[in-house]
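Quick note, the sequences are listed as chains P and G, same order. As numbered in this note's numbering, residues -13 to 274 make up the first sequence, in order. As numbered in this note's numbering, residues 52 to 305 make up the second sequence, in order.
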Amino acid sequence: MSNFIAGYLPLFDLYCLHVGLALSQFIVLRAGVFSLATAAFAGIGAYTAGILAVDLGAHPVLGVLCGTLMGMLVAMVLSIPLARLRGVYQAIATVAFIQICLSLNIYSESITGGAMGLNNIPKTVGTGTLFVFAALATYMIWAIEKGRLGRAFNTIRQDEAVAASLGISIRKHQMLAFAISGALAGLFGSLEAYHSYAIDPRQFGFHLLITVLSYVIFGGRNSVIGPLAGAAFLIILPELARPLAENRMVIYGIMLILVINFMPKGVADTAIDAIKARRLTAKRGDSA
Amino acid sequence: MTSLKLTNLSKRFGGVVASEDVNIEVPTGKIIGLIGPNGAGKTTIVNMITGMLPVSGGTIHVGDTDITHAPAHEICRAGLARTFQNIRLLGEASVLDNVMIGFHRHETSSTLASLLGLPASARETKALKARTMELLAAFDLTEFSDYPAGGLSYGHQRKVEMARAVATNPNFVLLDEPIAGMNDVESDALADIFEGFAQDGKGVLLIEHNVRFVAKLCSYVYVLDGGKLISEGTPDHVLSDPAVISAYLGGQDA
Ligand SMILES: Nc1ncnc2c1ncn2[C@@H]1O[C@H](COP(=O)(O)OP(=O)(O)OP(=O)(O)O)[C@@H](O)[C@H]1O
Ligand SMILES: [Mg+2]
């Protein structure tokens, strides 16, 4: 039994890390920003923490704190030029931003280790820490959804003109969504650095972008359940059979095409909508 | 008494002059009509007032405050609310949620409270829900509160939009063809609501093609044609003005 659990622990660690990144992607989409920069912010957080740990021997708490703040800061700065763009142009600009980060990383070899990455980061973060942070991040996104910010984000995403006519500042709220997204990605990036001994630039590129985006599209973009369910499903599914695991990206691609075509709102949101609709029908039945 | 005042307001779309030297005053506590044939430039004026279209010339004041070039969300905070000619609701959100966002301007819980889910945030959400339900009752929409707004009838959707505008607690309400597509019973109910706005001390700018409806409610009416004001005055005066008859009433059978 304990062998069985130990076998799946790495998968659970991966799940906790990727839930954090999925929530980072989720929150910007929710506020109507089509940013794909989560992978870059994660890299910035991971490298900030990694460099602090390897070069300066900083305490992990300091490393994680700085990684989080750095992710947030860069995201807020990036949100200024992005505020002038919409939709697919934001997506393209953020993909370009990921590429810029990768190039800078390789170029600054003396600090970042270049293509070889950073090694010998002391492993100080275990499953327990990852789980606590994933739970806290989930709680925060859930709390946002329930309050003033969630209402404002929802309105902006669905109709910017209506939002503005109701006094909602689009620029302010989208910058806030960016700050949250950057902080979450920076946090989970730095946790990843302290969890895996070594980091390298390829980890924070196009592959991660697609993975994280898949979680949110697959699970759903409206409820916090979406990214949680999406990450769970897409991480577990390939593990069911060895050939599947070897072709993880192919599976993600196929699943995405299926979901986008047949459940464009994602699995979790479609289920939630169905439950709501059934409740309303039942209510109508009662009053009739 | 403050008023919403447009002075020599002009708008050009490339070569098209959509409004030219328009002077309109909406005092609080009054319903002011704005009529004119299709394409006269009525919606353009509302879009300029609410900051959704940049102004080409002239000024817009609320009391002494110049809002000519203010961004849309600040104009709302100056006490202006509008409805849209082509209804704009969040179609999949419930009626309750649609109206609740109208209160945004009056939300006071801090960003931190909202991020951390502190009790202040939950209290505010609960209080707003209660106020929204009151507002829905006033508009006779209580039974629809949980339904997606996009599934309601045209008339009900218009009322949801109006309730949302009222939730911002504006001093001035700009209504762009609020009874289009409604039957007489529905529009009479709305007439009562609009008179209620005026009694509450709100200024109302009512854009409407139904001349009888305008004549019944408005104390003063402006007539627009080709972007220019061609007449203004009491409904009786305006509707008997030959210029209006040839431009507006002559153009279609009202
Ligand atoms: N965004 C735009 N770009 C170019 N021209 C525009 C734009 N918006 C409006 N117009 C033009 O400005 C003029 C006034 O249009 P507007 O919608 O304000 O009229 P309206 O009085 O509201 O008409 P209706 O009664 O049909 O609603 C029209 O000739 C229209 O074609
Ligand atoms: Mg119009």
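Ideal Cβ placement from N, Cα and C applies to all residues, glycine included.
query = Can we count G/A69 as close to ligand 1, meaning its CB is less than 7 Å from some heavy atom?
reply = Here residue 69 of chain G corresponds to residue number 18 of the second sequence, with the count starting at 1. Checking every heavy atom of ligand 1 against the Cβ of G/A69, one is found closer than 7 Å.
inquiry  = Rounding to the nearest angstrom, what Cα-Cα distance links G/A249 and G/E76 in this structure?
reply    = Working through the second sequence from its first residue, we reach residue 249 of chain G at position 198. Working through the second sequence from its first residue, we reach residue 76 of chain G at position 25. One C-alpha to the other measures close to 15 Å.
inquiry  = Using CA atoms only, rank isn't needed, just tell me which of P/A129, P/T24, P/I30 is closest to P/A179.
reply    = Looking up residue 179 of chain P in the first sequence gives position 193. Selected option, being the one with the closest Cα: P/I30.
key: Counted within 10 angstroms of its Cβ, other Cβ atoms place P/G6 as buried (16 or more) or exposed   = On the first sequence, position 20 is the one that residue 6 of chain P refers to. P/G6 is buried by the Cβ-count criterion.
request  = Express the C-alpha separation of G/S54 and G/G108 in angstroms, rounding to a whole number.
outcome  = Within the second sequence, numbered from 1, the residue matching residue 108 of chain G stands at position 57. Within the second sequence, numbered from 1, the residue matching residue 54 of chain G stands at position 3. Take the alpha-carbon of G/G108 and the one of G/S54: they are about 20 Å apart.
key: Nearest to P/T80 (by Cα), restricted to the options P/G191, P/G153, P/A184, P/E146   = As a first step, residue 80 of chain P must be located in the first sequence, where it is residue number 94. Among P/G191, P/G153, P/A184, P/E146, the Cα nearest to that of P/T80 is on P/G191.
key: Test: G/M151 CB closer than 8 Å to a CB of chain P   = Mapped onto the second sequence, residue 151 of chain G falls at position 100. Answer yes: the Cβ-Cβ gap between G/M151 and chain P drops below 8 Å somewhere.
task = Evaluate G/A181 with the Cβ neighbour count: other Cβ atoms within 10 Å of its Cβ, from every protein chain shown; 16 or more gives buried, anything less gives exposed.
result = If you number the second sequence from 1, residue 181 of chain G lands on position 130. When all chains shown are included, G/A181 counts as exposed.
ask   = If you draw a straight line from the alpha carbon of P/A163 to that of P/V14, how long is it in whole angstroms?
value = Residue mapping note: residue 163 of chain P aligns to position 177 of the first sequence, counting from 1. Residue mapping note: residue 14 of chain P aligns to position 28 of the first sequence, counting from 1. If you take the alpha carbons of P/A163 and P/V14, they lie about 5 Å apart.
message = Just to confirm my understanding: we take G/G153, look at its own chain, exclude 5 residues before and 5 after, and list those with CB closer than 6 Å. What are they?
response = Indexing the second sequence from 1 puts residue 153 of chain G at position 102. Residues R215, A218, T219 of the same chain have their beta carbon placed closer than 6 Å to that of G/G153, with the five preceding and five following residues left out of the count.
message = With distance defined between alpha-carbon atoms, name the residue in G/S196, G/G278, G/L290 nearest to G/F64.
response = Counting from one through the second sequence, the residue named residue 64 of chain G turns up at place 13. Its Cα nearest to that of G/F64, the residue G/G278 stands out among G/S196, G/G278, G/L290.
key: Span of the alpha helix (DSSP H), counted from its first residue to its last, around P/V19   = Here residue 19 of chain P refers to the residue found at position 33 when the first sequence is read from its first residue. Here P/V19 belongs to no alpha helix (DSSP H), and DSSP marks it neither H nor E.
Span separating the alpha-carbon of G/F135 from that of P/D186 = The count along the second sequence starts at 1 and reaches residue 135 of chain G at position 84. The count along the first sequence starts at 1 and reaches residue 186 of chain P at position 200. So the alpha carbons of these two residues sit roughly 52 Å apart.
inquiry  = Just to confirm my understanding: we take P/V60, look at its own chain, exclude 5 residues before and 5 after, and list those with CB closer than 7 Å. What are they?
reply    = Along the first sequence, read from residue 1 onward, the residue named residue 60 of chain P stands at position 74. So the list reads F27, I30, G168, once near-sequence residues are dropped.
ask   = For the beta strand (DSSP E) that G/E71 lies in, which residues bound it at each end?
value = Reading the second sequence from its first residue, position 20 is the one you call residue 71 of chain G. 67 to 78 is the extent of the beta strand (DSSP E) around G/E71.
task = Would you please verify whether the beta carbon of G/C269 is less than 8 Å from any beta carbon of chain P?
result = Sequence index remark: in the second sequence, residue 269 of chain G carries index 218 (1-based). Not flagged as an interface residue toward chain P: G/C269, since no C-beta distance is shorter than 8 Å.
query = Once you ignore the five residues that flank P/F117 on each side, which residues in its own chain have a CB closer than 6 Å to its CB?
reply = For the purposes of this step, residue 117 of chain P is taken as residue 131 along the first sequence, with counting starting at 1. Apart from the 5 residues on each side of it in sequence, P/F117 sits with its Cβ closer than 6 Å to the Cβ of C2 in its chain, given in chain order.
query = Run through DSSP, which three-state label would P/L(-3) get?
reply = Numbered from its first residue, the first sequence carries residue -3 of chain P at position 11. Judged by DSSP in its simplified three-state form, P/L(-3) adopts helix.
message = Given this structure, state the Cα-to-Cα distance separating G/T88 from G/I96, to the nearest angstrom.
response = Counting from 1 along the second sequence, the entry for residue 88 of chain G is found at position 37. Counting from 1 along the second sequence, the entry for residue 96 of chain G is found at position 45. As written in the sequence, residue 88 of chain G is Pro, which differs from the Thr given in the question. G/P88 and G/I96 have their C-alpha atoms some 14 Å from each other.
key: Interface positions of the segment 89 to 115 of chain G facing chain C (Cβ-Cβ less than 8 Å), listed along the chain   = Of the chains in the structure shown, none is chain C; the protein chains are P and G.
inquiry  = Closest to P/A218 by C-alpha separation, out of P/R143, P/I(-9), P/A(-8), P/F(-2), would be which residue?
reply    = Position 232 of the first sequence holds residue 218 of chain P. Measuring from the Cα of P/A218, the nearest candidate turns out to be P/F(-2).
ask   = Among P/L242, P/N247, P/Q160, P/K109, which has the Cα closest to the Cα of P/R16?
value = Here residue 16 of chain P refers to the residue found at position 30 of the first sequence. It is P/Q160 whose Cα lies nearest to the Cα of P/R16.
task = Please work out which residues of its chain come closer than 8 Å, Cβ to Cβ, to G/D197, disregarding the five sequence neighbours upstream and downstream, and give them in chain order.
result = Taking the first residue of the second sequence as 1, we reach residue 197 of chain G at position 146. Once the five neighbours on either side are set aside, the close Cβ partners of G/D197 are S145, V146, L147.
inquiry  = Counting beta carbon pairs with one atom in the segment 191 to 207 of chain G and one in the segment 153 to 171 of chain G, are three or more of them shorter than 8 Å?
reply    = Short answer: they don't touch.
inquiry  = ligand 2 and G/D276: does any heavy atom of the ligand fall closer than 7 Å to the residue's C-beta?
reply    = As a position in the second sequence, residue 276 of chain G is number 225, starting the count at 1. With a threshold of 7 Å, the Cβ atom of G/D276 does not count as near ligand 2, since no heavy atom of the ligand is closer than that.
request  = List the residues of chain P whose Cβ lies closer than 9 Å to the Cβ of G/S282, in chain order.
outcome  = Locating residue 282 of chain G in the second sequence gives position 231, where the first residue counts as 1. Those do not exist, as G/S282 stays about 30 Å from chain P at its closest Cβ, beyond 9 Å.
request  = Could you pull out every residue in the same chain whose Cβ sits closer than 7 Å to the Cβ of G/S282, ignoring the five residues on either side in sequence?
outcome  = Taking the first residue of the second sequence as position 1, residue 282 of chain G is located at position 231. These residues qualify, in order along the chain: V274, V289, D292, A294, V295.
message = Let's test the definition: count the other Cβ atoms within 10 Å of the Cβ of G/T159 and tell me whether it reaches 16, buried, or not, exposed.
response = Indexing the second sequence from 1 puts residue 159 of chain G at position 108. Exposed, by the Cβ-count rule.
query = With a CB to CB cut of under 6 Å and the five nearest residues on each side skipped, what residues in its chain are close to P/V245?
reply = Stepping through the first sequence from its first residue, residue 245 of chain P is reached at position 259. Cβ neighbours of P/V245 within its own chain (closer than 6 Å, five residues either side excluded): F204.
key: Cβ-heavy atom distance, G/K62 to ligand 2, below 7 Å   = Residue 62 of chain G sits at position 11 when you count from the first residue of the second sequence. Of the heavy atoms belonging to ligand 2, none sits nearer than 7 Å to the Cβ of G/K62.
query = Alpha carbon to alpha carbon, what distance is there between G/S70 and G/L60?
reply = Walking along the second sequence from the start, residue 60 of chain G turns up at place 9. Walking along the second sequence from the start, residue 70 of chain G turns up at place 19. Looking at the two C-alpha atoms, the distance is approximately 7 Å.
query = Using a beta-carbon distance below 8 Å, is G/T119 in contact with chain P?
reply = To locate residue 119 of chain G, count along the second sequence from 1; it is residue 68. In terms of beta-carbon proximity, G/T119 stays away from the interface with chain P, with every pair separated by 8 Å or more.
ask   = Which value, in whole angstroms, describes the spacing of the CA atoms of G/A298 and G/D243?
value = The count along the second sequence starts at 1 and reaches residue 298 of chain G at position 247. The count along the second sequence starts at 1 and reaches residue 243 of chain G at position 192. Computed Cα separation, rounded: 30 Å.
query = If you measure from the beta carbon of G/E158 to each beta carbon in chain P, is any gap under 8 Å?
reply = Residue 158 of chain G sits at position 107 when you count from the first residue of the second sequence. Closer than 8 Å: yes.
request  = Give me every residue whose Cβ sits closer than 7 Å to any heavy atom of ligand 2, in chain order.
outcome  = The set, ordered by position in the chain, is G/K93, G/T94, G/Q136, G/D227, G/E228, G/I258.
ask   = Who are the Cβ neighbours of G/N98 in its own chain at under 7 Å, not counting the five residues just before and after it?
value = Along the second sequence, read from residue 1 onward, the residue named residue 98 of chain G stands at position 47. Closer than 7 Å at the Cβ level, and outside the excluded window around G/N98, lie L104.
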